[in-house]
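*Asks:* Provided herewith is a single structure, encoded as structure tokens, for subsequent inquiry.
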Amino acid sequence: HERAPERSPDDRIVLRDQVAFELSLHAAAEERVIYPALREAGLNPEADLAISEHQTMKELLVVLGREEPDSPEFEDALSELIRSVRHHVIEEEGRLLPQLRVSVGSDGMADLGQQFLEAKRSAPTRAHPHAPSTGIGHALTDVATRIVDLARDIASGRQDRLATDATGRLVPQAQAIMD
């Protein structure tokens, strides 16, 4: 039978690239800003679990990046990534962030939100499962890694396929509203 258009290999590459870009920025920003705040709030086991979940996601993104979009390995990694991300979001939104809000208050959450946005704007654009996943580790490696990632994104044509500007910024008016 004929494949649905949204499942064509080219479409899957575009979707994979966009998902990898967004998850890479998001994970780096959480690891740099949110997870240290969880630790300061005494939620060390929760921060450790979240970092472990990020590690799994990064490894799956690497598999997706090296496999052909119509291969069984790609399909398996994609299914596992979807499951992992859904679980991670439910855990963070349903439990971790509310606990953090209790600890730091509304003003603290607003400050963390601003720091999170700033961290996303300077985060690597690709998954790096072997890079440090701590706040200080990110501070030491993110700038150089981001430069290399952006060069790879341009050379591979990935940057042209992304719906989001590689800087992580929207047009100024939209960015102001989001901020």
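Under the working numbering, think of the first position of the sequence shown as 126, with each following residue one higher. The beta carbon of each residue, even a glycine, is placed where N, CA and C say it ideally should be. On a predicted model such as this, the values are computed, not experimentally measured, just so you know.
Which word fits residue 223, buried or exposed, when buried means at least 16 other C-beta atoms lie within 10 angstroms of its C-beta?
*Replies:* exposed
*Asks:* Would you say the region 267–282 touches the region 163–176, given that touching needs at least three Cβ pairs under 8 Å?
*Replies:* Here the region 267–282 does not lie against the region 163–176, with fewer than 3 beta-carbon pairs under 8 Å apart.
*Asks:* Within its chain, find whatever has a CB closer than 7 Å to the CB of residue 254; leave out the 5 residues flanking it on each side and keep chain order.
*Replies:* Hits under 7 Å: 180, 183, 184, 187.
*Asks:* Can we say the region 261–279 touches the region 188–202, given the rule of at least three CB pairs closer than 8 Å?
*Replies:* Proximity of the region 261–279 to the region 188–202 falls short of the contact definition, fewer than three beta-carbon pairs being nearer than 8 Å.
*Asks:* Taking the straight line between their C-alpha atoms, what separation do you get for residue 206 and residue 226?
*Replies:* 28 Å
*Asks:* Measure the C-alpha to C-alpha separation of residue 136 and residue 288 and round it to an integer number of angstroms.
*Replies:* Distance between the alpha carbons of residue 136 and residue 288 is about 13 Å.
*Asks:* I'd like to know if residue 231 contacts chain D, where contact means its C-beta is closer than 9 Å to some C-beta of that chain.
*Replies:* Any reference to chain D falls outside this structure, which holds one protein chain only.
*Asks:* First and last residue of the alpha helix (DSSP H) that includes residue 233?
*Replies:* 222–246
*Asks:* So what's residue 134 in DSSP terms, helix, strand or just coil?
*Replies:* helix
*Asks:* State the Cα-Cα distance for the pair residue 141 and residue 152, rounded to the nearest angstrom.
*Replies:* Put simply, the backbone Cα of residue 141 is about 16 Å away from that of residue 152.
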